[in-house]
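> Sharing a structure below in structure tokens format, with a few things to ask.
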Amino acid sequence: MNLLRLPYRVVFAIAVRLSLTPEPARALLPSRHTHTLATIYSWNTNRVKMGVKKTKSVLENGENSELSYFHSVGKNPLVYRTIGQQLKLSAQSNAEREAFVFVEENKRFTYEQLLSEADRLAAGFQCLGLNKGDRVGILMPNVSAWPITMFAAARAGLISVSLNPTYTPQEIQDCLNKVSAKALVASEKFGSKIYYEQLLEILPELSSCNSKKVQSKRLPFLSTIIIDSEKDYPGSLRLSDVMSLPTIHQINSIEEQQVDISSDSGCNIQMTSGFTGPPKAVLHKHLTLINIPSHMQKIKINSTTTCIPLPFCHIYALLSIMGCLCNNATIVVPNFIYDPEKTLHAIWKENCRIIFAMPKLFMDLISKQRKLKLDIKDLIGITAGTQCTQELLIQIKKELGLRTLMVHLGMTEYGISFGFHPKDKYEDKFETVGCLLDHLEAKVIDNKGKLVPFGTPGELCIRGYSTMMGYWGDEEQTRNILGSDGWLKTGDYFILEPNGYGKIIGRISDIITKGSEKIFPKEIESLLGTFPAIEEVYVVGVPDEQWGEELCAFIRLREGHDSLSSEEIYEFCKGKIQSIKIPRYVRLVDDFPKTLSGKKTKSVLESGENSELSYFHSVGKNPLVYRTIGQQLKLSAQSNAEREAFVFLEENKRFTYEQLLSEADRLAAGFQCLGLNKGDRVGILMPNVSAWPITMFAAARAGLISVSLNPTYTPQEIQDCLNKVSAKALVASEKFGSKIYYEQLLEILPELSSCSSRRFKAKDYLFFQPLSLIQGKTIRKGTLPLSDVMSLPTIQQINSIEDQQDDISPESGCIILFTSGFTGSPKAVLLSHNCVINNALPTKIVEVSKSRVCMPLAFCHFYALVTTMGAFCNDATVIVPNYIFDSEKTFNAIDKEKCTIIFGVPNLFMGLMYTQKKLKFDFSNLIGITAGANCSPEAFYKIKKELGLKKLKIAMGMTESGISFASLPDDKEENIIDTVGYLYSHLEAKVIDNYGKLVPFGTPGELCIRGPLTMKGYWGDEEQTRKILGSDGWLKTGDYFILEPNGYGKIIGRISDIITKGSEKIFPKEIESLLGTFPAIEEVYVVGVPDEHWGEELCAFIRLREGHHSLSSEDIYEFCKGKIPSLKIPRYVRLVDDFPKTVSGKIKTIELKKKFKC
């Protein structure tokens, strides 16, 4: 039956179902019906989406979690390079190997020739005035000029824009304007299309243009048109002429420019089909297009000959090309546009071993192969781009005689996300869409955004390197699909299994609403695909007065079959699917309308560790976990109810995991009784007392954000911090040492003393609601005793806290920590549940499971938070010796409670050393882990030796980046001393110069970190957030750092600590390390002090060892002479009894400088 004879509504239903754009659809209609176009498309795109029942989570770890979250760890690290660098690498290693074979053009290019041609055109682009980041449209079918142009743009730092060669003139104009393209490179023709004639429709000025520069009101940004032709067209340039513009020097300079192009920068824009409105411009970066194809290593594509009949403008074709490039394969291009007969002959003639195609293309190959019967039995088929039923996959493999057929799942916005491994079982390849690609995260959510259990359908979301940067120039549409947390909503209705494999049910937008029933066509199509007479089938919803929509099956019959009725379809389906899902209408067609894609330093870069530039990706062995702090507490309480969670020796209090959960839920419900809502901020102003973790866990269980305040803060600092985050409540201890917190609060809240209510508003505060003050046991005006708050809720309200845990996202903020504020006012660092849980430090350094851990660190410090969570994630017991660090009480706690691990900062360990000289405890079974500040080799040896530790491990991090480097369990001692450890699992690290370029391994520069452990941002300070955390996810640490190819690193110092003496930049750490070996010196810090001649001079502040009473600058000079340059020897020496330090052990350098002036 001819499609033109079908009712117009049905034609449009097919067009929408098969992803046909409005223009081709209009061509199918009689002219009298074209006015209904907008109505029908509007009707389709506004369908009601399917809801999913709410489920209650019982969380477990990794694969065993009942909720649909999976993190694919992978074995090989990500590579950090650009497309241009990859082309250079391939050309160096396989210069004479053929890269492309264009059968129809009779052209062949080796990798060396491809690089040469690309660099000539890249230099030509620059001669035309195109600059890094400019957009260049590519309007061509599958011709040799297409990849040359794409690679040239990448090598020149430009962004190529893939345009569908079937576009109408208006569509060309719309797409070029959307991305403000500066240049367009077009073929001379495509079939009957003469592109210059098409361009004249939107650029009539061309015909009378005397210059080669375009000026047009309709395309205001476009300045250059380049046509791949031997003929001259007015207003345009010939491609060959552009490639002849540059000199040899200019061409050679292209290679030198590669280090200036970031792997995280945009390189290609893909246009979506535009069925729900104008096409959207999807921007992808180099890193994405290089790393997605690396998955193809698993299918042994290396050095093979591969057939790509896909249209180059399609994302799947681009990824296939890049996969071949990354694996030194040869790409065979059969024709300008897909032709099944020419494709089969190309496979046979060129001895291809792999073919990339979409299901429709494979179906067409089947029809031709039945006639040609060519020997292609050793061929591997790889398909993606559209959904493929199990029956169709089996048919393709069988009739083409493929060795194997592999399926990938993806879309323009996230490339490829699921795929198969050659070792997968035969049935798995047809029943699923494969396993999640390495280093990606996947989750499945209901229509409220909550995770559904494994095996339950919902919307698939993807996060990781494969996702787009965004829609060009459309932030609103970008936000609709790509969250600030990095999760991209795919629109696929999907089932995820605990092993990482998945099954697509259909597109949410394809749902047919028949009465109150939501029906996915794919289920019906899969069944009908097994009917012997059916070659191809698509089910769509068509208007129906009674049901709203009714089902219609459009069917293409196999050869030898001429008819098929709706009655036959009904009899075949009866008993196999619900009767409501059996199509009422059947229409036979000769073919289906489909889109072109079948929808319905001159660095020599090498992979991974061998790269010469400082980039490293730590793969890790265990997947990330996706849960909240509250869910982790519940999990620990379920598995270790009677095990001690906390022991507070000074308070003489002990809490089991079950008791801790109970106390936290009581307080969480109490918070809600006070009117606190999800997302509200709750300040915690306490030393290391039991109420601190109870409050923090309570806030997490209630969906609140706890705000960790330093217990040593002055009244003004308390006010500033609470105002910065607009805190709704403050939970404080009664006192801390000599501080009575209520008296401190009266200094900033004098209204308290006369307050008759428990809530108030203060003129100096900017809270959205009245502030609630919760304190210890004493009843004071304007405050509530903590015990009273915990007594407010009923049993039912307390129990309801557990029911609310599904409503709290692991991506949401859970705690705010304040930076030290030495370079200005403290910044409020917001961390998510996901960040805190996965930062759980101990599991990566030592075996913590069910151990007893001594925690003398101040709870308000980030390091204390993550180590506490590390203990909780591993069912350990946390021993808290005192309200504030006391070395003798810490020793007694370790001895009494049989601790095997202690966490501390270097200064804390130094303090323990002095006490150990007197007490002489046996710590031969104790493991120390230090972080939070630099630990010199000299300090390391002193601490380990004088404390008699079994082991001493080092970690490095900062509040904003989380823990980034840490010693591994089996690291040798010299490796621990000489480095800050190995890059933390699932993180990326790079070291850059002050221009943002990667430096070679072993060269110092600023360390940058990217991954799931970094902060969400500075609360209420977007400007400061942007300075440190880029839109590409890279966080600048401010550490001057050396990264090695094996993933270990060494910190030189903080960039902010640099002392500028004349023109010399000096890091104090080098000098401190040397002075630390002086026999009389116990502790030393070097700072810069003002000097009229040098600008800054060096002053060493020194604390002497016992038994030593003096040390002069002359002594220091004699000791340092010949060991460091004389310019770095401190001119001044100041002896001190102690150093001014923060509660976290950091030196207050500003106060040291004040001491020098005194």
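Residue 457 in full-length UniProt numbering is what sits at position 457 of the sequence shown, and the numbering runs on without skipping anything.
From the three backbone atoms N, C-alpha and C, an ideal C-beta is built for every residue, glycine too.
Here the structure is a predicted model, which means the values were calculated and not measured.
1. Rounded to the nearest angstrom, what separates W527 and T166 at their Cα positions?
2. Hey, would you say the C-beta of T168 is under 6 Å away from at least one heavy atom of the ligand ZN?
3. Checking the sheet assignment: what are the DSSP bridge partners for D1091?
4. Cβ of L200 within 7 Å of Cβ of G137?
5. Can you grab the Cα-Cα spacing for the pair L325 / S90, in whole Å?
6. Enumerate, from N- to C-terminal direction, the unbroken alpha helix (DSSP H) stretches of 4 or more residues contained entirely within the stretch 271-340.
7. Please report the distance separating the alpha-carbon of I331 from that of V103.
8. Name the residue from A122, F420 and L318 whose alpha carbon lies nearest to the alpha carbon of L409.
9. Quick check on this structure: which residue in R584, P881, P1012 and R97 has the alpha carbon closest to the alpha carbon of H833?
10. Please classify T1149: is it buried, with 16 or more other beta-carbons within 10 angstroms of its beta-carbon, or exposed?
11. Count the other CB atoms within 10 Å of the CB of T868; is the residue buried (16 or more) or exposed (fewer)?
12. Relative to the alpha-carbon of D886, which residue among L649, G500 and I1051 has its alpha-carbon at the smallest distance?
13. Count the other C-beta atoms from every protein chain shown that fall within 10 angstroms of the C-beta of Y626, then say buried if there are 16 or more, exposed otherwise.
14. Please list, in chain order, all residues of the same chain as N351 whose beta carbon is under 7 Å from its beta carbon, the five residues on each side excluded.
15. Select from Q258, N210 and L318 the residue whose C-alpha is nearest the C-alpha of F356.
16. Can you tell me the Cα-Cα spacing of L1007 and F818, whole angstroms?
17. The beta strand (DSSP E) with S417 in it runs from where to where?
18. Using the C-alpha atoms, what's the distance from M686 back to S733?
19. Alpha helix (DSSP H) containing I1028: first to last residue?
20. Taking the beta strand (DSSP E) that residue 1159 falls in, what are its first and last residues?
21. Along the chain, which unbroken stretches of the beta strand (DSSP E) at least 3 residues long are found entirely within the stretch 989-1050?
22. Quick check on the burial criterion: 16 or more other C-beta atoms within 10 angstroms. Buried or exposed for L220?
23. Please report the residue range of the beta strand (DSSP E) in which H561 lies.
24. When the Cα of T490 is compared with those of L440, M468, E459 and K653, which residue comes out closest?
25. Could you tell me whether the Cβ atoms of L402 and G415 are closer together than 7 Å?
26. Let me know if D260 comes out buried or exposed under the rule of 16 or more other beta-carbons within 10 Å of its beta-carbon.
27. Assign D1039 to one of two classes, buried (16 or more other C-beta atoms within 10 Å of its C-beta) or exposed (fewer than that).
28. Could you tell me the alpha carbon to alpha carbon distance between N442 and L704, rounded to whole angstroms?
29. Take R1103 and list the residues in its own chain whose beta-carbon comes closer than 6 Å to its own, dropping the five residues that flank it on each side.
30. Cβ atoms of A154 and C313: under 7 Å apart, would you say?
31. Alpha carbon to alpha carbon, how far is V537 from S565? Give it in angstroms, no decimals.
32. For the beta strand (DSSP E) that D544 lies in, which residues bound it at each end?
33. Go to Y615, then tell me how far its alpha helix (DSSP H) extends in each direction, as first and last residue.
34. Alpha carbon to alpha carbon, how far is I1059 from P1140? Give it in angstroms, no decimals.
35. Using 8 Å for Cβ pairs, my map puts W692 next to A828. What's the rounded Cβ distance?
36. By DSSP, does K918 sit in helix, in strand, or in coil?
On the basis of the coordinates in this document:
1. Per the sequence shown, residue 527 should be read as Leu rather than Trp. Cα to Cα, the separation comes out at about 34 Å.
2. Inclusion of the ligand ZN in the displayed structure is not the case, the ligand content being empty and no account of it being possible.
3. G1095
4. no
5. 7 Å
6. 286-291 and 315-326
7. 11 Å
8. F420
9. P1012
10. buried
11. buried
12. L649
13. buried
14. T305
15. L318
16. 21 Å
17. G415 to G419
18. 5 Å
19. E1022 to I1028
20. Any property of residue 1159 remains undetermined from this structure, which presents the chain solely from 1 to 1158.
21. 1005-1010 and 1035-1043
22. Leu is not the amino acid found at residue 220; the sequence shown has Pro there. It counts as exposed.
23. Neither: H561 is in no beta strand (DSSP E) and is coded neither H nor E.
24. E459
25. no
26. exposed
27. buried
28. For the record, residue 442 in the displayed sequence is Ala; it is not Asn. Whole-angstrom Cα-Cα distance: 26 Å.
29. E1082, E1083 and V1136
30. no
31. 14 Å
32. I534 to D544
33. Taken as a continuous stretch (DSSP letters only), Y615 belongs to no alpha helix (DSSP H), being part of the beta strand (DSSP E) at Y615 to H617.
34. 20 Å
35. 18 Å between Cβ atoms; not a contact.
36. helix
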